[in-house]
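Student:
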Amino acid sequence: MTRRLISTGSPFEKAFGYSRAVVDGDLVFASGTTGYDYTTMTLPEDVAEQTRNIFRTLAKVLEEAGSSMDQVLRAQYFVTDRSYCEPVLGVCGEVFGTIRPAGGIYIVAGLLKPEMKVEIEVTARVG
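Everything in the sequence shown is counted per my numbering, starting at 292 for the first residue and increasing by one.
#1: Provide the residue span of the alpha helix (DSSP H) that contains residue 261, from first to last.
#2: Which whole-angstrom value is the C-beta distance of residue 338 and residue 368, which I expect to be below 8 Å?
#3: Which whole-angstrom value is the C-beta distance of residue 366 and residue 297, which I expect to be below 8 Å?
#4: Would DSSP call residue 388 helix, strand or coil?
#5: In three-state DSSP terms, what is residue 364?
Encoded structure:
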């Protein structure tokens, strides 16, 4: 299988020189994804809603790559405040409760824009 690039059409991807995901062999590497609704380019204030938007985006990207949320092997969560850990991980439990990928949550100084509170990246298997 050849390397294939997946895009959501976000203006950030082209402007900043990255793909939402790259398929290489039987793996999908999804870039860090924030809580924007890429159709409307809006970002909710609530960190749990940002997290739900992220998982909606990732589900679409993985489907386009020939994968699914059920095939996620590793997930990394980045939050900008310790108080966001519980709401973010609560949504992760809703999504990954039975899948249980390897994962880690990291508290970071900030993301690209101050209104971004959470960013998630995943690695999944195709098929």
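A virtual CB, placed ideally from N, CA and C, is assigned to each residue, including glycine.
Tutor: Result, derived from the coordinates:
#1: Past the boundaries of the shown model lies residue 261; the chain is included only from 292 to 418, so the question cannot be answered.
#2: No, residue 338 and residue 368 are not in contact; Cβ-Cβ is about 11 Å, not under 8 Å.
#3: Actually they are not in contact, since the Cβ atoms of residue 366 and residue 297 sit about 17 Å apart, beyond 8 Å.
#4: Residue 388 sits in coil when the DSSP states are folded into three classes, being neither helix nor strand.
#5: Here residue 364 sits in strand by DSSP.
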